[in-house]
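A.B. asks: Structure provided below as structure tokens; questions to follow.
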Amino acid sequence: MEAAIDRIMMTYDLLVNRSAAASAEARAKVTEYLAKLMEAGEKDTHRLTVCGLTYLRELDGSSDPVKAGFTGL
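In terms of my numbering, the sequence shown opens at residue 2 and continues consecutively.
Quick look at the structure:
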């Protein structure tokens with residue numbers, strides 16, 4: 002799980018410019034989320050990485066087109 006978390010945070014840090022405190026908070030949240038996925042039976046590191054990145058993007062609203070500024074016009 003640590004390899005997936007490290008990969009998630011390294012990739013996410015390239016996408017989003019955040020403070021060290023925000024990065025630590027995101028790491029704690031994604032660690033908790035991945036622990037739940039692993040308890041549910043997910044063991045594939047690549048799948049955990051993708052799920053973790055998706056989770057963080059949903060938390061910060063960057064996967065929501067309206068929050069990202071797209072109005073459809």
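Just so you know, even glycine gets a beta-carbon here, dropped at the ideal spot from N, CA and C.
Which whole-angstrom value describes the C-beta separation of isoleucine 6 and leucine 35, a residue pair presumed to lie in contact below a C-beta threshold of 8 Å?
C.D. replies: Counting from one through the sequence shown, the residue named residue 6 turns up at place 5. Counting from one through the sequence shown, the residue named residue 35 turns up at place 34. Indeed they touch by this definition, with Cβ atoms about 6 Å apart.
A.B. asks: Tell me the rounded alpha-carbon separation between valine 17 and glycine 42.
C.D. replies: Translated into positions along the sequence shown, residue 17 becomes position 16. Translated into positions along the sequence shown, residue 42 becomes position 41. So the alpha carbons of these two residues sit roughly 30 Å apart.
A.B. asks: Considering only residues of the same chain and omitting the five flanking positions on each side of threonine 12, which have a CB-CB separation below 7 Å?
C.D. replies: As a position in the sequence shown, residue 12 is number 11, starting the count at 1. Taken in chain order, the residues that qualify are Leu54.
A.B. asks: Using three-state DSSP, classify valine 31 as helix, strand or coil.
C.D. replies: By 1-based counting over the sequence shown, the position of residue 31 is 30. In this structure, valine 31 counts as helix in the three-state DSSP scheme.
A.B. asks: Give every residue of the same chain whose Cβ lies closer than 7 Å to the Cβ of cysteine 52, excluding the five residues on either side of it in the sequence, and list them in chain order.
C.D. replies: For the purposes of this step, residue 52 is identified with residue 51 of the sequence shown, where counting begins at 1. Contacts found: Leu38.
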